[in-house]
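In my numbering, the protein residues as written are 761 to 1225.
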Ligand code: HAM
C-alpha cells in the first residue's frame, strides 16, 4: 500500500470528477516498484459512476449528426506516422513533440493518432468515397493521444466527437459545421462563443507570410526561442504562441484578412452571412491560426463564455475546426475539399460542471427481484430473462444471499415493487409482491408476475438500469 503522503497515491484515489494534479515528473517513474503499478500520467479511467455525462453527450452528438445526414465512421487508433507528418505538419507541436510514435515489429514507423481528420481523409480516398455522391458527411467519436503536459482539461488520451464534410467547396458546408458545433453545445446547456477567421489559401497566404516574417524579423530579439525557430519554418504558428512577450508582439502584427484573395474573401463573407442569418454568436479573430497545418480558408474555435475573473477558461478551446481543401491531395494526390470540427469530450464534461449543467437524471428500475436460497436464485435468473424480453428493467443482487442486504439495495434504488422469491414460493409456483409505497404485499402466480407488474406500473414501459 503506497503511503498517503505520496502524490501518486492521491492521484490514483481521486474520483474522475476531479482534475488530475499536475503531479510528479517522469523522473519519479524510474523509482517505481512493482507494487506501484498504476494509471499512466495524463490518462484516466472512466468508472461506471462517471459514465453518465459521457453517454449523454454521445447520444446527443449521434442524434444531431444523424439528423443532418452524417454517417458514423471508425478509423484505427494506429496509423502510419507519415500520415500525420504530412497532414498535421512536420513543424507543429503535435508532430514535433506530442506523438506516440514507435517502430512496429515489421520495422514500420507507426503513431497513435493525435487527431482523427487525417485518418478520415485517408479512409475517404482509400475506400473510393470520391465516387459516392458528394459531399460525403461523416461523424466520429473516439480516442486521440498527445504526449502533452497534463493539466486541467489536457490529457494524454482524450476523446473527440467530430464531423467532417468532404468533397464540397460551398461555404454552406462551413456554416453547417459551425452551426452543428454551436447547436450541440447550446442544447447541452453550455454558454459558448465562436472565434472565426480565414487563413486564406496557397494563392494568397504566401504574400501574407512574407509580410508576417518581415514584421517579426524586426522584433526577433523579443521572440521566445520556439518562435525564433518558427519564424524560419512555420511563421503562422507565431500567432498561436502563448508566451507573454510573443502575445504582445502579435497585437501589432499584420492581419491576414487584409491579404485574402478575392475567392477567399468571398468565401469568408458568405460563411459570415450564414452565421448572421442563423444567429450564431461569433467573434472575428484575425489572429486565429490553429495548431494544425492543413487548414485553408475558414478556421474557428469554440470557447466557453467565462466570467471576467476566470480568463484562463477562455484559453482552453472546447473544440475547433475549419476547411482543409488541400489535405486530400497531400495524403493521396487526389483533390477533395473538406471542412470539419472536433470537440473534446473531457473538456466538455469539465465545462458542464463549471457552468453547473447537469445531464438529465436517468430513471432506475421500478422493480427489484430478491431471492432466498439456491433454488430461488436459479428460478430468479429465469424470471429476470422474462422481464428482459419485455424490456422491463429489474434491479437484483444475485451475488448476495441475505434478504436484508437485498432489501436495503432495493430501498436505495427507490423501486415501487419488490418481488421476493423463496424456496417455498418456487415449489408453490408463486412469488411475493410487495408494494413499497403502500406496504401491501400479496402472493402472485409466478407465471403471471410479469403481466401483473406490467399492469401495476402505470406506464408499463422500460426503465433502463
Ligand atoms: P484540435 O484543436 O487539435 O483540432 O482538437 C480539437 C479539440 O480536442 C480541442 O478543442 C480540445 O477540446 C480537444 N483536445 C485537444 N487536445 C487535447 C488534450 N490534450 N486533452 C484534452 N482535450 C484535447 C483537431 O483535432 C482537428 N482534427 C479538428 C478538425 C476537424 N479540423 C477539421 N476537422
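All C-beta atoms, glycine included, are put in the ideal place defined by N, C-alpha and C.
Predicted, not measured: the structure shown is a model, and the values here were computed from it.
Backbone CA spacing between residue i and residue j [nearest angstrom]
i, j, result
"residue 965", "residue 1123", "54 Å"
"residue 822", "residue 878", "21 Å"
"residue 1169", "residue 1202", "21 Å"
"residue 1150", "residue 824", "29 Å"
"residue 886", "residue 1061", "29 Å"
"residue 954", "residue 800", "34 Å"
"residue 1152", "residue 1217", "11 Å"
"residue 1220", "residue 826", "Note that residue 1220 scores a pLDDT of 46, beneath 50, so its modelled location is shaky and nothing firm can be said."
"residue 783", "residue 999", "At residue 783, the pLDDT of 34 sits below 50, so the modelled position is not reliable; the number obtained from the coordinates is stated separately. Between residue 783 and residue 999, the C-alpha separation is close to 30 Å."
"residue 846", "residue 870", "13 Å"
"residue 806", "residue 1215", "38 Å"
"residue 1208", "residue 1180", "14 Å"
"residue 1109", "residue 817", "9 Å"
"residue 922", "residue 1018", "31 Å"
"residue 903", "residue 941", "19 Å"
"residue 872", "residue 985", "28 Å"
"residue 1173", "residue 1136", "22 Å"
Residue j beta carbon less than 7 Å from that of residue i
i, j, result
"residue 803", "residue 916", "yes"
"residue 1067", "residue 813", "no"
"residue 951", "residue 1065", "yes"
"residue 957", "residue 1031", "no"
"residue 1186", "residue 1139", "yes"
"residue 1106", "residue 918", "yes"
"residue 1210", "residue 1147", "yes"
"residue 734", "residue 841", "Residue 734 falls outside the range modelled here, since the chain spans only 761 to 1225, and no answer is possible."
"residue 968", "residue 938", "no"
"residue 1193", "residue 1204", "yes"
"residue 1091", "residue 881", "yes"
"residue 976", "residue 992", "no"
"residue 1117", "residue 866", "no"
"residue 1046", "residue 913", "no"
"residue 859", "residue 1097", "no"
"residue 1024", "residue 1006", "no"
"residue 722", "residue 1042", "No information on residue 722 is available, as it lies outside the stretch 761 to 1225 that the chain covers here."
"residue 851", "residue 971", "no"
Residue i beta carbon near the ligand HAM (any heavy atom closer than 6 Å)
i, result
"residue 818", "no"
"residue 915", "yes"
"residue 1102", "yes"
"residue 877", "yes"
"residue 825", "no"
"residue 1107", "yes"
"residue 1170", "no"
"residue 1078", "yes"
"residue 1053", "no"
"residue 803", "no"
"residue 920", "yes"
"residue 831", "no"
"residue 853", "no"
"residue 1081", "yes"
"residue 908", "yes"
N- and C-terminal bounds of the alpha helix (DSSP H) containing residue i
i, result
"residue 1190", "Counting along the chain, residue 1190 falls outside any alpha helix (DSSP H), though it belongs to the beta strand (DSSP E) covering 1190-1195."
"residue 1087", "1087-1092"
"residue 824", "811-827"
"residue 1212", "1209-1216"
is_contact[residue i, chain B] using C-beta, thresh 7 Å
i, result
"residue 1199", "The displayed structure is made up of one protein chain only, and chain B is not part of it."
Residue range of the beta strand (DSSP E) that includes residue i
i, result
"residue 957", "952-958"
"residue 1204", "1201-1205"
"residue 838", "838-840"
"residue 801", "Residue 801 -> no beta strand (DSSP E), and no H or E assigned at all."
"residue 1198", "Neither: residue 1198 is in no beta strand (DSSP E) and is coded neither H nor E."
"residue 1073", "Segment: none, residue 1073 is in no beta strand (DSSP E) and carries neither H nor E."
"residue 1133", "No beta strand (DSSP E) contains residue 1133, which DSSP labels as neither H nor E."
"residue 1082", "1079-1083"
Checklist entry - Going along the chain, which unbroken runs of the beta strand (DSSP E) with 3 or more residues stay wholly within the stretch 847-933? => result 861-863, 869-872, 896-905 and 917-926
Next on the checklist: Quick check on the DSSP output: what are the complete beta strand (DSSP E) runs of length 3 or more inside the stretch 972-1058, in order along the chain?
Outcome noted: 1042-1044
Next on the checklist: Please give the ranges of any beta strand (DSSP E) in the stretch 1097-1130, keeping only runs that are unbroken, at least 3 residues long and fully inside the region.
Outcome noted: 1098-1104
Item to check | Complete alpha helix (DSSP H) runs within the stretch 1135-1186 (minimum length 4 residues, chain order) | outcome: 1163-1173
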